[in-house]
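Okay, so here's the structure we're looking at.
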Amino acid sequence: MNIIVCIKRVPETAEVDLLIDKTGKDVVKSGLVFDLNEWDSYAIEEALLLKEKHGGRVTVLSMGGEESNESLRKCLAMGAEDAIRLSDPAFDGSDGYVTARILAEAIRKLPYDLILTGTQAEDDGYGQVGVAIAEILGIPHASLVNKVEIVDRKMKVHRELEAGLEEILELDLPAALTIQTGINEPRYVSIMGIRKVSKKEITALGASDLALKTEEVGLLGSDIRTEKIFLPAVGKGAELLEGNPEEIASKLFDILKDKGGLA
Amino acid sequence: MGEILVLAEHRRGEIRDVTWEMLTRGRELAKTLDAEINVALLGKDVDHFAEALARNSNKVFLIDDARFEIFNSENYQAALAPLLTERRPLLTLISHSSMGMDLAPSLAARLRMPLATDCIGIDLEGTAWSVTRQLFGGKINATVSFSRQGPSMATIRSGAFQITEGDSLNGQIIPLPSPLSDGALAKRFLEYVEAALGDIDITQADILVAVGRGIKGVENIPMAKELADAVGGTLACSRPVVDKRWLPKSCQVGTSGKTVRPKVYIALGISGAFQHMAGMKGAATIIAVNKDPKAPIFNIAHYGIVGDLFKVVPVLKEKVEGLRQR
Chain W
3 MNIIVCIKRV PETAEVDLLI DKTGKDVVKS GLVFDLNEWD SYAIEEALLL KEKHGGRVTV
63 LSMGGEESNE SLRKCLAMGA EDAIRLSDPA FDGSDGYVTA RILAEAIRKL PYDLILTGTQ
123 AEDDGYGQVG VAIAEILGIP HASLVNKVEI VDRKMKVHRE LEAGLEEILE LDLPAALTIQ
183 TGINEPRYVS IMGIRKVSKK EITALGASDL ALKTEEVGLL GSDIRTEKIF LPAVGKGAEL
243 LEGNPEEIAS KLFDILKDKG GLA
Chain C
272 MGEILVLAEH RRGEIRDVTW EMLTRGRELA KTLDAEINVA LLGKDVDHFA EALARNSNKV
332 FLIDDARFEI FNSENYQAAL APLLTERRPL LTLISHSSMG MDLAPSLAAR LRMPLATDCI
392 GIDLEGTAWS VTRQLFGGKI NATVSFSRQG PSMATIRSGA FQITEGDSLN GQIIPLPSPL
452 SDGALAKRFL EYVEAALGDI DITQADILVA VGRGIKGVEN IPMAKELADA VGGTLACSRP
512 VVDKRWLPKS CQVGTSGKTV RPKVYIALGI SGAFQHMAGM KGAATIIAVN KDPKAPIFNI
572 AHYGIVGDLF KVVPVLKEKV EGLRQR
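Chains as they are written, first to last, in the numbering used here: chain W, 3 to 265; chain C, 272 to 597.
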């Protein structure tokens, strides 16, 4: 079973005060901590679990500059066999479709039975790449997958719908799945584990290696582009309770009594 | 005269609200462009849907086939690809739901049609579309444009547009023959499964104490539970807490979990992803505790505490226990 996992390195922004950079089209990246996209950490874990059960190889792909090696190495340390980085100045500004196209051209060169991606990326959240890869390669897909079972080259997956409802689908292989968070518990990688794979070679492929013309990729080849970014309008906003913890607790108690019927 | 085409979304015998939301916005945009607002409806025995949709559209393209009773992206694509190729709508609107996320990226790739996903706004700049999306979990908004003129596609976030009832358009229902072939599908629907019900029904609670990623570890759940007990409330959570297996799925508030409307909702360490807020914004009073003053949760909370929940929660619990005993 040859499994390909497409991953992305993204900034962690949950508790960070984001600033808009001079171009007005991106956030200031300096000072941000980057890590493997959360959805992708579940995708690589799922690939490794399937490999451990059915045998085979896991190859990780990422489009990005040399800094993406950090996330690729994390996947190697988790247990992936190979890592390939798709890198070319011409790739800059690629939208979801073009990113899928670049990844698909790289996947075509490899043996594969299953392609996994995260359902979406934490940064731009298009949620488009995995499903578009399947269409470009002409294979079936399922998105928002939260359970995978493979029996006799037939795959059963659970897709997460709304309000706690799931559907079970059967797919022929090869297929592409976009993986939802919570499907498994991604394994911990120690610094020692990452050190062990620090010498492992990561193949880099550019546009010409993938027989892609520069005008087909990057901003030139993309259908959509970001004009500007801005801070969302703030609603009426919360009335902030201030003071020391004691004072805040007293105010909260009053609110609970008043609004919650606290006796 | 062009058209804006909305794909109707329905499941288990009901049209989903996002369909009406898309129709409302689509109708406004169509009016500006002097274009038609049309609907594609794929289903089995859904004439009653077609009639309802026709009140809010100029044309309803109805394709009746038993294989459309339950959504399957392969069948939907097989019907929509030729329809969009023939009609070339200025804009096709599909929901950014479990259905649209499975369909739109492959349909757009097949047709090489520009696609912007998860849009919360869509406007016209002259004759060009300008869409609004969110980045970084709602902390930043982006204005996105299509770099090519011609038919484009957008998927729309549920709840992004308010439904308004305009005058009936008395639209025409146009039945089309099903283009599905008898060939085998590479993806086959087997069955629906409902998430397991928990022991406690969070939708019935008057006070919910909900924890998010900020609770940091399973070892801190008892602290939140003690507060919930002290205030006579029930413990709930956001998605990351379930993903990490710190609490069961039955505790989850949000689009993929439960929708709740308690008297008081106390959000501890929840940043406020839209999927979460969609499930709790109906609470009468929302109190949020978060370290990040820019956390989106503060936009919908009535009361906010910018601070460390690990300092606030124990003190609050003591206070409540003390004052209640008096």
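Note that beta-carbon positions come from the ideal geometry of N, C-alpha and C, so glycine has one too.
{"query": "6 angstroms CB neighbourhood of W/Gly132 in its chain, flanking five on each side removed", "result": "Thr119, Ala178 and Thr180"}
{"query": "Inter-residue CB distance, W/Glu162 and W/Gln182 (contact presumed, cutoff 8 angstroms)", "result": "5 angstroms"}
{"query": "C-beta atoms of C/Val482 and C/Cys508 nearer than 7 angstroms", "result": "yes"}
{"query": "Option nearest C/Gly485 by Cα separation, candidates C/Ile411, C/Gly504 and C/Asp563", "result": "C/Asp563"}
{"query": "C/Met424 to C/Thr403 span [Cα, whole Å]", "result": "14 angstroms"}
{"query": "Helix, strand or coil at W/Val236 [DSSP, three-state]", "result": "coil"}
{"query": "Within 7 angstroms of chain C by C-beta, residues of the segment 212–227 of chain W in sequence order", "result": "Ser224, Asp225, Ile226 and Arg227"}
{"query": "W/Trp41 (DSSP reduced to helix, strand or coil)", "result": "helix"}
{"query": "Near the ligand FMN: W/Val133 beta-carbon under 6 angstroms from a heavy atom", "result": "Only the bare structure without any ligand can be found here, which leaves the ligand FMN out of the picture."}
{"query": "Residue closest to W/Leu171, alpha-carbon to alpha-carbon, out of C/Gly408, C/Asp373, C/Arg419 and C/Val531", "result": "C/Asp373"}
{"query": "Proximity below 7 angstroms, CB of C/Phe407 to CB of W/Thr15", "result": "yes"}
{"query": "Rounded straight-line distance, which links the Cα of W/Val12 to that of C/Ile492", "result": "28 angstroms"}
{"query": "Contact check, W/Glu83 vs W/Arg103, beta carbons under 7 angstroms", "result": "no"}
{"query": "Candidates C/Ala323, C/Asp318 and C/Gly437: closest to C/Asp335 by CA position", "result": "C/Asp318"}
{"query": "Limits of the beta strand (DSSP E) - the one that C/Leu364 falls within", "result": "Leu362 to Ser366"}
{"query": "Contact check, C/Glu307 vs C/Asn327, beta carbons under 7 angstroms", "result": "no"}
{"query": "Any chain W beta carbon closer than 7 angstroms to C/Ile365", "result": "no"}
{"query": "Whole-angstrom distance between C/Leu378 and C/Asp453, CA atom to CA atom", "result": "20 angstroms"}
{"query": "Given W/Phe232 as reference, the closest of W/Val29, W/Lys261, W/Lys215 and W/Val199 once Cα atoms are compared", "result": "W/Val29"}
{"query": "C/Glu280 and C/Met370 closer than 7 angstroms at C-beta", "result": "yes"}
{"query": "Proximity of W/Met107 and C/Ala380 at Cβ, strictly below 7 angstroms", "result": "In the sequence on display, residue 107 of chain W carries Glu and not Met. No; because the gap between Cβ atoms is not below 7 angstroms, this pair is not in contact."}
{"query": "Closest by C-alpha distance to W/Asp19, when choosing among C/Pro567, C/Ala572 and C/Asp500", "result": "C/Pro567"}
{"query": "N- and C-terminal bounds of the beta strand (DSSP E) containing C/Asp389", "result": "Leu386 to Glu396"}
{"query": "CB of C/Leu386 within 7 angstroms of CB of C/Ala399, strictly", "result": "no"}
{"query": "Closest residue to C/Pro519 among W/Lys230, W/Leu264 and W/Gly184 (Cα-Cα distance)", "result": "W/Gly184"}
{"query": "Of the residues C/Lys315, C/Val415 and C/Leu361, the one placed nearest C/Lys302, counting alpha carbons only", "result": "C/Leu361"}
{"query": "Where the alpha helix (DSSP H) containing C/Arg291 begins and where it ends", "result": "In the sequence as presented, Arg is not what sits at residue 291 of chain C; that position holds Trp. Its alpha helix (DSSP H) spans residues Asp288 to Leu304."}
{"query": "Positions along the segment 90–122 of chain W whose CB lies within less than 9 angstroms of some CB in chain C", "result": "Asp97, Gly98, Tyr99, Ala102, Arg103, Thr121 and Gln122"}
{"query": "Collapsed DSSP secondary structure at C/Asp472 in the structure displayed", "result": "coil"}
{"query": "Reference C/Arg267; option with closest CA among C/Ser401, C/Gly430 and C/Asn309", "result": "The structure shown has nothing for residue 267 of chain C, since chain C only spans 272 to 597."}
{"query": "Cβ of W/Phe255 within 7 angstroms of any chain C Cβ", "result": "yes"}
{"query": "Euclidean distance between Cα positions of C/Val513 and C/Ser439", "result": "44 angstroms"}
{"query": "Interface flag, W/Phe36 vs chain C, CB-CB below 7 angstroms", "result": "no"}
{"query": "Contact set between W/Ile231 and chain C, taken where Cβ atoms lie within less than 9 angstroms", "result": "Leu406, Ile411, Asn412, Ala413 and Thr414"}
{"query": "Same chain, Cβ closer than 8 angstroms to C/Leu324, five either side skipped, listed in chain order", "result": "Ala279, Ile286, Thr290, Leu294, Val310, Leu312, Val331 and Gly442"}
{"query": "First and last residue of the uninterrupted beta strand (DSSP E) at C/Lys458", "result": "Lys458 to Glu465"}
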